[in-house]
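Asker: Could you have a look at this structure, given as structure tokens, before my questions?
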Amino acid sequence: MAWYQNEYFLRRLHSFSGIFPLGIFLIEHTIVNSAARYGPEVYDRIVALLQSLPMLIFLEMTFIVIPLLFHGLFGIYIVYLAKNNVLQYKYYRNWAFYLQRITAIITLIFVIYHVWALRIGHVVYGFDINYQAVSYHLADPMVFWFYVVGVVASMYHFGNGITTFLISWGITAGPHSQRYAAWLGNGIFLILTLMGLGSLLAFI
Ligand code: HEM
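No gaps in the numbering here: position 178 of the sequence shown is 178 in this note's numbering, and each next residue is one more.
This is how it looks when you write it as structure tokens:
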């Protein structure tokens, strides 16, 4: 059997890609955007620095586009196959399991819109990416609230994803350590959400 036909291998790769590189990128992206709280000059300087990175398109393709395409497409397959039994068993982990899938779909729609509006728009329409452009983008209340939902959903997906990652790779095996993993995942969800929402507010 070829490696790409092996579902176990693909599931491992899917799980891994959620942390490396996607989760790492999400953290970096959240930190960079929170620089908006220090004003347009600081934000524009950091964005310009990132845009001047050598081989930017190669880095974006390798660490963002290809892993996201794989994680997103295989994620849709998992969501489609999953047994969503939360209505029968209202236990905490069942809810988390269900929410992981709902936030996956919201994140997918949000990321497609966000990349289309800011990254592809930047190439197609030739506008500069800076504080003013993001501010203009978020000035529409519909777009702003859509971002609020998108940020909360993607942070939950990543935070809870850390908890499930630690379980799927056997790092937290017993109930005790899994409780700590849940605290860790929820804590990261909370911190990243506050940072993300704080950045959104800094642009309006
Ligand atoms: C910001 C981008 C994303 C990040 C950082 C991310 C991160 C993660 C992480 C860390 C996990 C946990 C892996 C595990 O349980 O072992 C995960 C799981 C999952 N992701 Fe994503 N993800 C992202 C986007 C998406 C998108 C767009 C989809 C598409 C529908 C998706 C679908 C899924 C699914 C279905 C799971 C559950 C896998 C399972 O339970 O076996 N993710 N993600």
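Glycine is no exception: its CB is placed at the ideal position from the N, C-alpha and C atoms.
Which residue marks the beginning of the alpha helix (DSSP H) containing Gly163, and which one marks its end?
Answerer: This sequence places Thr at residue 163; Gly is not what is there. Start and end: Pro141 to Ser168.
Asker: Keeping to the same chain, check which residues put their C-beta closer than 7 Å to that of Met209; ignore five residues upstream and five downstream.
Answerer: This structure leaves residue 209 out entirely; the chain is present only between 1 and 204.
Asker: Hey, would you say Gly23 sits closer than 8 Å to Phe189, going by beta carbons?
Answerer: No, the Cβ-Cβ distance between Gly23 and Phe189 is not below 8 Å.
Asker: Which residues in the same chain have their Cβ closer than 7 Å to the Cβ of Gln178, if we skip the five residues on either side of it in sequence?
Answerer: Same-chain partners within the cutoff: Ile167 and Thr172.
Asker: On the three-pair Cβ rule with 8 Å, is the region 97-114 touching the region 146-156?
Answerer: Yes: at least three Cβ pairs fall under 8 Å.
Asker: Who are the near neighbours of Asp128 in its chain, counting only those whose CB is closer than 8 Å to its CB and skipping five residues on each side?
Answerer: Same-chain partners within the cutoff: His122.
Asker: Is the CB of Pro141 under 8 Å away from at least one CB in chain B?
Answerer: Of the protein chains in the structure, only one exists, and it is not chain B.
Asker: Jot down the residue ranges of each uninterrupted alpha helix (DSSP H) in the region 86-127, minimum 4 residues, whole runs only, in chain order.
Answerer: Runs found: 92-114 and 121-124.
Asker: How many Å lie between Val32 and Arg45 at the Cα?
Answerer: If you take the alpha carbons of Val32 and Arg45, they lie about 11 Å apart.
Asker: For the ligand HEM, is there a heavy atom less than 7 Å away from the beta-carbon of Ala154?
Answerer: Inspection of the sequence shows that residue 154 is occupied by Ser rather than by Ala. Ser154 Cβ: within cutoff of the ligand HEM.
Asker: If I measure Cβ to Cβ from Glu28 and keep anything under 7 Å in the same chain, skipping five residues before and after, which residues do I get?
Answerer: Here the set comprises nothing.
Asker: In angstroms, rounded to a whole number, what distance separates the CA positions of Leu49 and Lys83?
Answerer: Their Cα atoms are separated by approximately 45 Å.
Asker: Go through its chain and collect everything with a Cβ distance to Asn160's Cβ below 6 Å, but skip five positions before and after it.
Answerer: Ala96, Gln100 and Gly185.
Asker: Nearer than 7 Å: is that true of the beta carbon of Phe70 relative to any heavy atom of the ligand HEM?
Answerer: No, Cβ of Phe70 sits at least 7 Å from all heavy atoms of the ligand HEM.
Asker: With 16 other CB atoms within 10 Å as the buried threshold, where does Arg176 fall?
Answerer: According to the sequence displayed, residue 176 carries His and not Arg. Classification for His176: exposed.
Asker: How about Arg37: is its Cβ closer than 7 Å to a heavy atom in the ligand HEM?
Answerer: Incorrect: Arg37 has no Cβ contact closer than 7 Å to the ligand HEM.
Asker: Just to confirm the assignment, what range does the alpha helix (DSSP H) spanning Pro67 have?
Answerer: From DSSP, the alpha helix (DSSP H) with Pro67 extends over Ile66 to Leu81.
Asker: Can you grab the Cα-Cα spacing for the pair Trp145 / Gln132, in whole Å?
Answerer: Taking the straight line from one Cα to the other gives about 19 Å.
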